[in-house]
Amino acid sequence: MQVINMSKGQRIDLSKPDNTPLKKIHVGLNWKERVSEGEKFDADLLVMLSGANGENLGVDNFVFYGNQAKASTCGAVKISEDNRDGVDREGEDDEWATVDLEALNPAVERISFAVNIFEAEARNQNFGIIEDCGIRIDDQESGETQSSYDLTEDYCQYTAVLVAEMYKKDGKWKFVAKGEGLKGGLNEFLNRFGFTA
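Per the UniProt record's numbering, residue 1 is the first one in the sequence shown, and the count goes up by one each step.
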């Protein structure tokens with residue numbers, strides 16, 4: 001499978017080379033910490049399941065480090081354990097999620113993936129200390145990488161980034177590279193879906 005290297009705003013179908021839809025997806029996120037003498041940073045993957053226009057589907061559809069089950073209510077979205085040390089794991093994802101598109105609650109039509117720096121304000125940290133941050137989409141059934149997107153902009157004024165989204169259109173799932181900085185971090189991300197931290 002030829003890997004699609006995406007740019008900000010680009011949209012693609014979540015499909016195999018023969019155009020059949022992907023069913024099970026592995027979403028890998030990676031980042032590196034720039035050389036710093038300050039406190040170690042803790043970046044976390046946030047996943048929100050929502051309606052077509054971002055409608056709030058309940059707190060059980062927010063999957064993050066504080067979610068004890070590390071999974072959505074329907075069980076279709078699962079995330080890795082929290083990587084708290086920020087140490088680069090060469091060849092491995094820093095944090096990841098798996099998505100079973102066929103097992104999703106029918107009300108879910110959008111899945112948003114963000115990276116947030118834990119306690120960024122208290123630690124005086126922002127995305128300026130992170131480099132080589134990117135997201136990768138794999139076909140979980142074949143293990144092949146379908147697409148990837150690297151954040152190339154300067155995000156030094158932000159404490160969270162909405163990296164990408166999956167959304168359903170005309171019955172088919174698509175993927176869009178967002179790369180949108182969030183100055184308000186976790187709070188701003190949650191506010192978009194009608195939640196407060």
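In this text, a Cβ means the ideal position worked out from N, Cα and C, and glycines have one as well.
Start and end of the beta strand (DSSP E) containing residue i?
i: Ala97; result: 95-100
i: Leu29; result: 24-33
i: Asp13; result: 11-13
i: Lys78; result: 77-79
i: Asn5; result: 4-6
What does DSSP give as the partner residues of residue i in its beta bridges?
i: Ser50; result: Arg110
i: Phe64; result: For Phe64, which the question treats as bridged, DSSP gives no partner whatsoever.
i: Pro17; result: For Pro17, which the question treats as bridged, DSSP gives no partner whatsoever.
i: Leu45; result: Val115
i: Ala71; result: Lys78
Please work out which residues of its chain come closer than 6 Å, Cβ to Cβ, to residue i, disregarding the five sequence neighbours upstream and downstream, and give them in chain order.
i: Glu81; result: none
i: Phe118; result: Asp42, Asp44
i: Gly181; result: Tyr155, Tyr158, Val161
i: Val99; result: Ile25, Val77
i: Asn116; result: Asp44, Leu46, Ala160, Gly185, Leu186
i: Phe64; result: Leu46
In its own chain, which residues sit with a C-beta less than 7 Å from the C-beta of residue i, not counting the 5 before and 5 after it?
i: Ala103; result: Cys74, Gly75, Ala76
i: Arg136; result: Gly28, Thr145, Ser148
i: Ala120; result: Asn126, Thr159, Gly185
i: Arg192; result: Gly54
i: Glu153; result: Gly179
So with Cβ pairs under 8 Å, would you call residue i a contact of chain D?
i: Thr73; result: Looking for chain D here will not work: only one protein chain is present.
Note down, in chain order, each residue of its chain lying with its Cβ closer than 8 Å to the Cβ of residue i, except the 5 sequence neighbours on either side.
i: Trp96; result: His26, Val27, Gly28, Leu29, Leu45, Ile79, Ser80
i: Leu57; result: Leu49, Ser50, Gly51, Asn105, Ala107, Val108
i: Val59; result: Phe195
i: Val3; result: Thr145, Gln146, Ser147, Ser148
i: Glu39; result: Arg123, Gln125
Just to confirm the assignment: which complete beta strand (DSSP E) runs, minimum length 3, are found wholly within the stretch 102-189? Counting only runs of at least 3 residues, the stretch 102-189 fully encloses the following beta strand (DSSP E) elements, listed from N- to C-terminal order: 110-117, 130-139, 145-150, 160-169, 172-182.
Would you check if the stretch 11-31 and the stretch 125-145 touch, i.e. whether three or more CB-CB distances between them fall below 8 Å? The stretch 125-145 and the stretch 11-31 touch, with no fewer than 3 CB-CB distances between them shorter than 8 Å.
Contact the stretch 55-71 vs the stretch 17-25: 3+ CB pairs below 8 Å: Contact between the stretch 55-71 and the stretch 17-25 is absent, because fewer than three Cβ pairs lie under 8 Å.
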